[in-house]
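Quick note on numbering: this note's numbering labels position 157 of the sequence shown as 585, and the sequence is numbered without any gaps.
We treat Cβ as the ideally placed atom computed from N, Cα and C, and that holds for glycine.
Note sheet for the following structure.
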Amino acid sequence: MGRYNIALLHYSCPPVVGGVEEVVRQQANLFHRYYNNVKIFAGMGGRFSQNFSIEINPLLSSRNEKILLAHKKAVAEKNIKPLQNLSNKIYKYLIDSLQSFDVLIAHNVLTMHYNLPLTYALHKLADENILPVVSWGHDSPFFYDDYPKQLRKKPYDILRQYNPDIHYVVISNYRKKLFRNLYDGRGKFTVIPNGVDPITFFKLDPHTVRLIKEQQLFNSDFIMVQ
């Protein structure tokens with residue numbers, strides 16, 4: 429298996445606390461452990477690991493005041509023009525930052541409504557085939573009956589649009605069904621559940637990890653310890 433240059437993207441990363449943030453942490457650790465070059469791009473967070481690069485750009489955040497103001501203007505005008513300036517800036521940033529990467533894995537930012545300039549920039553990136561873009565979908569506001577009604581209108585309609593140039597990963601078969609319904613029955617989805625990194629979860633020491641790898645214990649169906 430070859431080594432890859434993998435970019436991970438989310439609104440935030442650790443030490444910001446959150447479920448997706450923890451998935452990004454574990455995913456980065458596992459990719460690094462198997463000798464891939466990994467870099468995390470996020471709008472908030474910090475350098476929580478010395479094993480891989482982490483780059484913070486506030487334009488990727490879900491709480492950036494400029495982003496939130498652009499959202500309000502776009503909703504009021506019912507078009508995407510107020511988002512375009514920021515979206516173009518994000519697009520240019522991504523183009524410059526991702527030149528050496530083989531794939532971009534975007535967690536939730538293509539399915540949630542917290543940073544539409546980023547969402548539009550990622551669609552453009554995928555449309556132009558700059559590099560493979562993976563939408564790793566954990567959730568969508570449209571899965572809930574009480575979602576804000578303004579999401580039915582522009583500019584939020586991008587969240588309901590399937591893009592054939594994007595690769596879709598979802599975390600369960602149930603989510604696969606929901607996303608397929610959201611995209612009017614269109615799309616191919618790969619199901620990859622959120623896993624647990626046993627080395628981190630069980631706080632295994634280096635000697636134990638070496639024994640496990642030598643005996644290939646993680647490939648076992650059942651392990652009994654006496």
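| Item | Value |
| --- | --- |
| Alpha-carbon spacing of ASN591 relative to GLU642, whole angstroms | 43 Å |
| Close Cβ partners of ASN536 (< 8 Å) along its chain, the five nearest in sequence each way excluded | HIS438, TYR439, VAL448, TRP564, GLY565, HIS566, ASP567 |
| Contacting residues, own chain, Cβ-Cβ under 6 Å from LEU514 (five flanking each side not counted) | ALA498, PRO545 |
| Cβ pair count under 8 Å reaching 3, the stretch 616 to 625 against the stretch 590 to 607 | yes |
| Candidates PRO560, LEU522, TYR519: closest to ILE533 by CA position | PRO560 |
| SER563, DSSP secondary structure in three states | strand |
| VAL597, enclosing beta strand (DSSP E) - first and last residue | 594 to 598 |
| The stretch 504 to 512 / the stretch 473 to 480 touching (three or more Cβ pairs under 8 Å) | no |
| Unbroken alpha helix (DSSP H) run spanning TYR519, endpoints | 509 to 525 |
| Nearest to MET472 (by Cα), restricted to the options ARG638, GLY446, ILE594 | GLY446 |
| DSSP-derived helix/strand/coil call for THR618 | strand |
| Which of helix, strand or coil DSSP assigns to PHE655 | Residue 655 is absent from the model: the chain starts at 429 and stops at 654. |
| Extent of the continuous beta strand (DSSP E) to which GLU483 belongs | 481 to 484 |
| For VAL531, the residue or residues it bridges with in DSSP | ILE434 |
| Simplified DSSP assignment, three categories, for TYR542 | coil |
| TYR575 (DSSP reduced to helix, strand or coil) | coil |
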